[in-house]
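**Q** My structure is below; once you've seen it, I'll send some questions.
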Amino acid sequence: VGSVVGFPIDYFVAVSFAVFEKSIDVLGGVDVEVPHTFDDPLYPIESEKENDCGKTPEEIEALTATLSATLIEKEFPCRYEQLHFEKGLERMDGARALKFARSRKSEIFGGDFNRSLRQEALIKAVKDKIISVNFIPKIVPFISTLTSDMQTDIDAGVFAEKLKISPDITSFEIKTISISSEDLLTQSRSEDGQFILLPTTSWDSLHQYIRIQLGE
49 VGSVVGFPID
59 YFVAVSFAVF
69 EKSIDVLGGV
79 DVEVPHTFDD
89 PLYPIESEKE
99 NDCGKTPEEI
109 EALTATLSAT
119 LIEKEFPCRY
129 EQLHFEKGLE
139 RMDGARALKF
149 ARSRKSEIFG
159 GDFNRSLRQE
169 ALIKAVKDKI
179 ISVNFIPKIV
189 PFISTLTSDM
199 QTDIDAGVFA
209 EKLKISPDIT
219 SFEIKTISIS
229 SEDLLTQSRS
239 EDGQFILLPT
249 TSWDSLHQYI
259 RIQLGE
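Here my numbering runs 48 ahead of the position in the sequence shown, where the first position is 1.
Structure (structure tokens):
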């Protein structure tokens, strides 16, 4: 990530889906401003991902040999559920928030860029809830309960130091820089055929744009 954006990433947190849900539920849910109304007919049901939906092994082999991944999904409707979200404020528990953050198959607002808008809205809602319920002092004890379901290079000392530097947590802000295929990126393929995005001009120009947006 640091190579892509052009500056080092100081810290990271990686959590499982289970911890994601648990974190939202521990906060008592979050109020998310849903940016757009959308339906997703192909949200995966984890417990059904191996379901053959009544097809024989021979039929499955024939489908996988001739159809793209997108078309194959439509041949196994029992593996998916229909999602619907309305534009506006919605209170979400952990399970609902995970679906909101993961969804990417909407015909109107699908794909990774629209999903990133929803994830941004969710992150803002989590931040607001953490502040409103004064959850900061409880973060370290809560993290200690997550064990193997979370990876991070942030320790308790880092939290304490950050709070000393900026004790007013209400002053924390999230700054978003949009980088999309409409201007700065172009669609391409990797050597093994994977869909990727590359800078329209050069990595240096992309890094310069990010630095400008950051006010550097």
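Here a beta-carbon is modelled for each residue, glycine too, at the ideal position from N, C-alpha and C. Since we're looking at a predicted model, the values are computed, not measured.
#1: Pick out whichever of ALA66, TYR257 and GLU81 has its Cα sitting closest to the Cα of LYS135.
#2: Could you give the distance in angstroms between the alpha-carbon of SER116 and the alpha-carbon of SER164?
#3: Tell me the residue span of the beta strand (DSSP E) that contains LEU233.
#4: Who pairs with ILE244 in a beta bridge, going by DSSP?
#5: How about ASP79 and LEU137: are their beta carbons less than 8 Å apart?
#6: Following the continuous beta strand (DSSP E) through LEU137, name the residue where it begins and the one where it ends.
#7: Cα separation between CYS126 and ALA110?
#8: Going by the DSSP bridge assignment, what does ALA110 pair with across the sheet?
#9: Are the CB atoms of ILE213 and ILE184 nearer to each other than 8 Å?
#10: How many Å lie between SER71 and GLU106 at the Cα?
#11: Tell me the DSSP secondary structure of PHE157 in three-state form.
#12: Which residues does DSSP pair with PRO92 in a beta bridge?
#13: Between which two residues does the beta strand (DSSP E) carrying ASP79 extend?
#14: Cβ of GLN167 within 8 Å of Cβ of ILE225?
#15: Classify ILE191 as buried or exposed, calling it buried when 16 or more other Cβ atoms lie within 10 Å of its own Cβ.
#16: For a quick check, are the C-beta atoms of ILE93 and GLU129 less than 8 Å apart?
#17: Throw me the rounded Cβ distance for the MET13 and VAL61 pair, which I believe falls under 8 Å.
#18: Starting from the C-beta of GLY77, find all residues in its chain whose C-beta is less than 7 Å away, skip the five residues before and the five after it, and write them out in chain order.
#19: Tell me whether ALA173 is buried or exposed, calling it buried when 16 or more other Cβ atoms sit within 10 Å of its Cβ.
**A** With the structure as the only source:
#1: GLU81
#2: 25 Å
#3: 233-237
#4: SER236
#5: yes
#6: 136-140
#7: 19 Å
#8: Per DSSP, none; premise fails for ALA110.
#9: no
#10: 43 Å
#11: coil
#12: TYR128
#13: 78-82
#14: no
#15: buried
#16: yes
#17: In the structure displayed, the chain extends from 49 to 264; residue 13 sits before or after that span and is not available.
#18: ARG139, MET140 and ASP141
#19: buried
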